[in-house]
Structure formats: C-alpha cells, structure tokens
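Engineer:
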Amino acid sequence: MADLLRKPTGRRGKVHDITPANAGWRYVGFGLYHLRAGDTAAEATDDREVILVMVEGKAQITGAGQDWGILGDRMNVFEKTAPHCLYLPNGTEWRAVAETDCVIAVCSAPGAGGHKARRIGPEGITLTERGKGVNTRYINNIAMEAEDYADSLLVTEVFTPNGHWSSYPSHRHDEDDFPRITYLEETYYHRLNPADGFGIQRVYTDDGQLDETMAVSDGDVVTVPKGHHPCGAPYGFEMYYLNVMAGPLRKWRFVAAPEVEWIMERDG
Numbered sequence: 001m002a003d004l005l006r007k008p009t010g011r012r013g014k015v016h017d018i019t020p021a022n023a024g025w026r027y028v029g030f031g032l033y034h035l036r037a038g039d040t041a042a043e044a045t046d047d048r049e050v051i052l053v054m055v056e057g058k059a060q061i062t063g064a065g066q067d068w069g070i071l072g073d074r075m076n077v078f079e080k081t082a083p084h085c086l087y088l089p090n091g092t093e094w095r096a097v098a099e100t101d102c103v104i105a106v107c108s109a110p111g112a113g114g115h116k117a118r119r120i121g122p123e124g125i126t127l128t129e130r131g132k133g134v135n136t137r138y139i140n141n142i143a144m145e146a147e148d149y150a151d152s153l154l155v156t157e158v159f160t161p162n163g164h165w166s167s168y169p170s171h172r173h174d175e176d177d178f179p180r181i182t183y184l185e186e187t188y189y190h191r192l193n194p195a196d197g198f199g200i201q202r203v204y205t206d207d208g209q210l211d212e213t214m215a216v217s218d219g220d221v222v223t224v225p226k227g228h229h230p231c232g233a234p235y236g237f238e239m240y241y242l243n244v245m246a247g248p249l250r251k252w253r254f255v256a257a258p259e260v261e262w263i264m265e266r267d268g
C-alpha cells in the first residue's frame, strides 16, 4: 500500500499531485498549487471532473470555454469564510492566473458528463456546527450529497478548534453495500494555526491489518484508502482540512468503529 502521509514537494507551483495510480486506488485525485501573484496554472480534465477550491487568495480563472472572472476573497483559510469554488466537467480545460499569492486545490474524480460547469459558493455555503463538547467542529459543505453539483465528487471543509477531535467518533466507508455503507476513498489536506503546530490522524481497520498514526504538519495530505480515520488538534493549535471523497456511488454512508458506537448513538 502507498504511504498514507504525503508531504508537499515544494513551496511554489504544484506541491501535491495525488492520482489514483500513485495512491493505489481507483477514484480520488487531489492536486494543490501554491502560486505567487502573476503565476499561472493550467490543466485539462480529460476523463475526470474537477472542483477547484480557492483555499486562499485570488485568481482569474477561465474554464470549460468561459471566463469566470476573479475567484477568491479569503486571504487566510482560518478566516473561516465560505470559499469560492468552480466545478468543471470531464473533457474541459481550465487556467488560473494568480491575482495575489494564492492556494488552489484541484479535487477530481471520474466524470460522466452529467453536470455543467458552474460556480460553487460563497453564496449558499454556511459554516455549520457539528458534534458536541470537545468533538465540536465547523463545516463548510462545498459539494456533498445534498448538493447535486457533480457526478462523483464529494467535497467539504472542516475547521476543528484547538483541543478538539474531528472525523470522530471513528467511522469507515470502505464497502460498497448501500444503504448500509458506501465505498469512498478520501483525502485530507491539513492546515494548522499557528502553522508550526501539528495535528494527529489515525487510519485503522477493525482487524488491525492497517493501523497508522501520523503527526500531520501544515500542508500535509493524508490518504484514506479504507478503515476509520479520526484526527485531533492539540491544545493551542486549530486544524483545518479539505476533504475529497469519491467512489462508485455518490452517497456518504458510514459505519462506526465498534469501540465508539455507543458515543455515536448517545450524541446522535
């Protein structure tokens, strides 16, 4: 199995390039560009659909034969405002010219031509509280199941306060058995505030054949091919992550880890 923890490969240009081939799976792709003002990035979607997420900064973007203008107004992700995003179907191209220093996430999955190019957010994206106690976190849903924006992609942002847990109680979505559970591969793009901090993410299966606990730094990506995948933010450091999920069915159904089922039932 490929290494689950991916470090950025540099500080400028395309610093993450996770593909089904190098992740050892079938569906999810994740790329990340760090651009300085005036830099450009451009790609063809080929047989994949894409959601561009303006994590930070502003860029002039064209795609699918349209000029989408300048997208982005969140200069620091921890402002927690709604992101500017763009959906592009398979068989199209896009180009971004950075107006300011910016961070652009490229979330991808197999496309079927079922949806047209469209802007997503900031309108219609509302920061929503989820969980209880030190399991409280805050969600910006970009394109989850309720938003019929994509053929395969599920994309969301999560802000976890310092000292809190997230993607918890531990759960998995690694079987194709709808409606009980769906098979969804997943990536986590992590950011920390302050940036010199760290977070923790564990990825483990019930049988113990996969059990990895990782210290994640600002800018790291964790790939989750299967199993449970909780993460935590130490006291003094808040955590952001951008989730990308995809599988054979665009539904998010999960099963709790046996040891925490009672917490999910109690807090549900």
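So for the sequence shown, UniProt numbering puts the first residue at 1; every next one is plus one.
Ideal Cβ placement from N, Cα and C applies to all residues, glycine included.
Is it the case that the Cβ atoms of R172 and K226 are separated by a distance below 8 Å?
Structural biologist: Translated into positions along the sequence shown, residue 172 becomes position 172. Translated into positions along the sequence shown, residue 226 becomes position 226. For R172 and K226, yes; Cβs fall inside 8 Å.
Engineer: If contacts are defined as beta-carbon pairs under 8 Å, then Y189 and F30 qualify, I think. What distance do you get, rounded to the angstrom?
Structural biologist: For the purposes of this step, residue 189 is identified with residue 189 of the sequence shown, where counting begins at 1. For the purposes of this step, residue 30 is identified with residue 30 of the sequence shown, where counting begins at 1. 7 Å between Cβ atoms; contact.
Engineer: Just checking, does the stretch 201-215 make contact with the stretch 42-49 on the three C-beta pairs under 8 Å criterion?
Structural biologist: no
Engineer: Using C-beta distances below 7 Å, list every residue in its chain close to D220, excluding the 5 sequence neighbours before and after it, in chain order.
Structural biologist: Residue numbering aside, residue 220 sits at position 220 when the sequence shown is read from its first letter. So the list reads L5, R6, K7 and H190, once near-sequence residues are dropped.
Engineer: Indicate the three-state DSSP secondary structure (helix, strand or coil) for E79 in the structure shown.
Structural biologist: Position 79 of the sequence shown, counted from the first residue, corresponds to residue 79. It is helical.
Engineer: On a Cα-Cα basis, can you pick out the residue from F254, L71 and N135 that is closest to A267?
Structural biologist: Counting from 1 along the sequence shown, the entry for residue 267 is found at position 267. The amino acid occupying residue 267 in the given sequence is Asp; Ala does not appear at that position. Measuring from the Cα of D267, the nearest candidate turns out to be N135.
Engineer: Reducing DSSP to helix, strand and coil, say where D267 ends up.
Structural biologist: Locating residue 267 in the sequence shown gives position 267, counting from the first residue. Helix, per DSSP.
Engineer: Please work out which residues of its chain come closer than 6 Å, Cβ to Cβ, to V53, disregarding the five sequence neighbours upstream and downstream, and give them in chain order.
Structural biologist: As a position in the sequence shown, residue 53 is number 53, starting the count at 1. The residues are P83, C85 and A105.
Engineer: Taking only the alpha-carbon atoms, compute the straight-line gap between D39 and E261 and give it to the nearest angstrom.
Structural biologist: In the sequence shown, the residue the question calls residue 39 occupies position 39. In the sequence shown, the residue the question calls residue 261 occupies position 261. Their backbone Cα atoms lie some 48 Å apart in a straight line.
Engineer: In the DSSP assignment, what are the bridge partners of H30?
Structural biologist: In the sequence shown, the residue the question calls residue 30 occupies position 30. Position check: residue 30 holds Phe in this sequence, whereas His was assumed. Looking at the DSSP output, F30 shares a beta bridge with I18 and C107.
Engineer: Taking the straight line between their C-alpha atoms, what separation do you get for C231 and V216?
Structural biologist: Counted from its first residue, the sequence shown places residue 231 at position 231. Counted from its first residue, the sequence shown places residue 216 at position 216. C-alpha separation (whole angstroms): 9 Å.
Engineer: Compare the beta carbon distance of C107 and V15 with 8 Å and say whether it is the shorter of the two.
Structural biologist: Indexing the sequence shown from 1 puts residue 107 at position 107. Indexing the sequence shown from 1 puts residue 15 at position 15. No.
Engineer: Threshold first: 3 residues or longer. Then list the beta strand (DSSP E) segments lying entirely within the stretch 99-169, N to C.
Structural biologist: 102-110, 118-120, 128-130, 137-143 and 154-160
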